[in-house]
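Undergrad:
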Amino acid sequence: MKVLLFFLFLISIAFWIGSMFFLSLFTAPTVFKVLPQQQAGTLISHIFSKYYTVGYICGLIAFITSSVIWFTENNGKRNIYLVRVILIAAMLALMVIAGEIIRPKALEARANIRKLPSTSTDQLEERKRFAKLHTISVAINTTVFLLGVTTVFITAYTIKE
């Protein structure tokens with residue numbers, strides 16, 4: 494049982510931060526290089542809906558398995574396991590904020606940009622709004638990624654023997 498829990502924990506973290514790494518460094522830049530900006534934005538928004546779903550599923554699996562491991566262990570590593578649970582909870586919470594709060598607002602701003610005349614001040618305001626939301630989303634997702642890498646390091650540290 495312990496091996497299965499640890500395997501599910503590891504695979505969920507690997508898929509989660511791996512998908513973040515690949516999307517950020519390869520998929521998005523390539524899409525925006527190959528396609529016109531409007532088409533690239535549409536494609537990336539479709540990819541992001543799946544990206545966040547993967548994050549929610551992997552995050553939930555990582556949180557549950559890590560919590561069970563922490564709860565059932567009675568060795569000297571309980572405190573470090575608790576830190577791991579807290580990091581994963583923070584990652585999952587941030588992922589939900591980015592996907593369920595920031596993303597819908599960014600999609601709305603992008604839709605408004607497309608329907609407003611390019612010379613209007615309203616479109617300029619929507620562009621500023623979109624840029625701000627995009628910056629927030631990038632910051633949140635970068636934080637989730639770094640917390641994930643930290644979680645992997647902590648996990649490696651606990652099995653160093």
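Here our numbering runs 493 ahead of the position in the sequence shown, where the first position is 1.
Every residue gets a Cβ at the ideal spot worked out from N, C-alpha and C, and that includes glycine.
As the structure is a prediction and not an experimental result, all values here were calculated from the model.
1) Taking K598 as part of the alpha helix (DSSP H), name the residues at either end of that continuous run.
2) Kindly list the residues whose CB is nearer than 8 angstroms to the CB of V561, restricted to its own chain and excluding five residues on each side of it in sequence; keep chain order.
3) Going straight from the alpha carbon of Y650 to that of V578, what length do you get?
4) Could you check how far apart the C-beta atoms of M588 and V637 are, in whole angstroms? I think they sit under 8 angstroms.
5) Counting only runs that start and end within the segment 553-602, where is the alpha helix (DSSP H) found for 4 or more residues in a row?
6) Out of L503, T648, F502, V496, state which residue places its alpha-carbon closest to the alpha-carbon of V576.
7) Since G552 and L585 should fall inside the 8 angstroms C-beta cutoff, what is the C-beta to C-beta distance between them, to a whole number of angstroms?
8) What number of angstroms, rounded off, separates the C-alpha of E601 from the C-alpha of S542?
9) For F623, I'd like the list of residues in its chain whose CB is within less than 7 angstroms of its CB, leaving aside the five on either flank, ordered along the chain.
10) Among the residues of its own chain, which have a CB less than 6 angstroms from the CB of G592, if the five just before and after it don't count?
TA: Walking through what the data contain:
1) Per DSSP, K598 belongs to the alpha helix (DSSP H) from 596-608.
2) L498.
3) Rounded to whole angstroms, Y650 to V578 spans 15 angstroms at the Cα level.
4) So it is a contact: roughly 6 angstroms between Cβ atoms.
5) Counting only runs of 4 or more residues that sit fully inside the segment 553-602, the alpha helix (DSSP H) segments are 571-590, in chain order.
6) T648 is the residue among L503, T648, F502, V496 whose C-alpha sits nearest the C-alpha of V576.
7) Contact between G552 and L585 holds: CB atoms are separated by about 4 angstroms, below the 8 angstroms threshold.
8) Between the C-alpha atoms of E601 and S542 there is a straight-line separation of about 14 angstroms.
9) Shown here for F623: same chain residues with a beta carbon closer than 7 angstroms to its own, the five before and five after excluded, namely A599, A602, R603, I606 in chain order.
10) So the list reads Y545, once near-sequence residues are dropped.
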